[in-house]
């Protein structure tokens with residue numbers, strides 16, 4: 223059972239729903255975390271993950287980045303994606319949405335998401351963490367490049383398409399990033415080849431970004447998502463540990479406020 227709520231955010235292109243969740247108890251302002259969903263959308267698994275992060279002492283906002291195409295309910299899967307073949311049948315319905323969510327749209331949306339999070343009671347607006355999954359990993363990286371003075375930590379997990387030949391490839395924002403990055407790549411991921419992983423690592427090193435990257439051996443693309451057939455519990459728990467440690471040393475280096 224989730225403990226947060228869906229809120230509505232006014233963006234330049236319309237209303238975006240977002241899942242908002244907070245620590246069960248807090249003394250004083252706490253940092254905010256933007257949670258960028260995977261292609262399957264904001265749904266109970268995303269809410270559950272956001273609640274777990276909130277339990278570490280953060281206010282977490284997970285926006286429906288596909289808001290131009292419909293509501294959270296419109297986009298959510300209607301079948302059990304853990305069953306054989308169901309995930310594969312679902313993805314053709316959302317891949318056009320992924321392809322249409324341009325870097326320009328993401329850049330327009332980001333200030334509205336950040337403002338909505340900063341306006342929540344008990345949020346310290348001076349620093350921000352971001353984490354993203356699958357396509358959300360790209361959005362998390364872009365957010366850090368767009369707001370380098372605000373974003374202090376970036377989690378990127380089973381991300382795809384981080385290094386491409388496009389003129390706006392996500393990895394090209396790395397020189398603008400000041401945040402610390404933790405990236406957990408999926409093994410044998412067709413959307414993030416070993417060559418792409420190496421190119422991303424090279425970009426991080428050459429730009430002097432503090433980063434920890436790894437390929438999670440044996441973990442498939444989508445390994446954090448327990449509502450799909452790609453779930454890998456060991457990899458998902460590793461991701462939570464690494465993300466919690468990242469946020470602790472960057473967002474709350476002196477402990478809770």
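Numbering (the numbering used here), first residue to last: 223 to 479.
Even for Gly, the Cβ is constructed at its ideal location relative to N, Cα and C.
As the structure is a prediction and not an experimental result, all values here were calculated from the model.
{"Asked": "Report all residues from its chain with a CB closer than 7 Å to the CB of residue 294; omit the five preceding and five following residues, and keep chain order.", "Found": "228, 239, 263, 264 and 286"}
{"Asked": "Along the beta strand (DSSP E) that carries residue 444, what are the first and last residues, could you check?", "Found": "Taken as a continuous stretch (DSSP letters only), residue 444 belongs to no beta strand (DSSP E), as it is neither H nor E."}
{"Asked": "With C-beta atoms as the reference, is residue 443 less than 8 Å away from residue 408?", "Found": "yes"}
{"Asked": "Over the uninterrupted alpha helix (DSSP H) stretch that includes residue 419, give me the two end residues.", "Found": "416–429"}
{"Asked": "By a C-beta neighbour count over all protein chains shown, 10 Å radius and 16 as the cutoff for buried, is residue 237 buried or exposed?", "Found": "exposed"}
{"Asked": "On a Cα-Cα basis, can you pick out the residue from 436, 343, 423 and 414 that is closest to residue 406?", "Found": "436"}
{"Asked": "Since residue 356 and residue 296 should fall inside the 8 Å C-beta cutoff, what is the C-beta to C-beta distance between them, to a whole number of angstroms?", "Found": "Incorrect: roughly 19 Å between the Cβ atoms, too far for contact."}
{"Asked": "Report the start-end ranges of each beta strand (DSSP E) in the segment 345–401 that is 3 residues or longer and not cut off at the edges.", "Found": "345–355 and 373–379"}
{"Asked": "Excluding the 5 residues flanking residue 342 on each side, which residues of the same chain have their C-beta closer than 6 Å to its C-beta?", "Found": "281"}
{"Asked": "List the residues that DSSP assigns as beta-bridge partners of residue 407.", "Found": "437"}
{"Asked": "What is the DSSP secondary structure of residue 287, reduced to helix, strand or coil?", "Found": "coil"}
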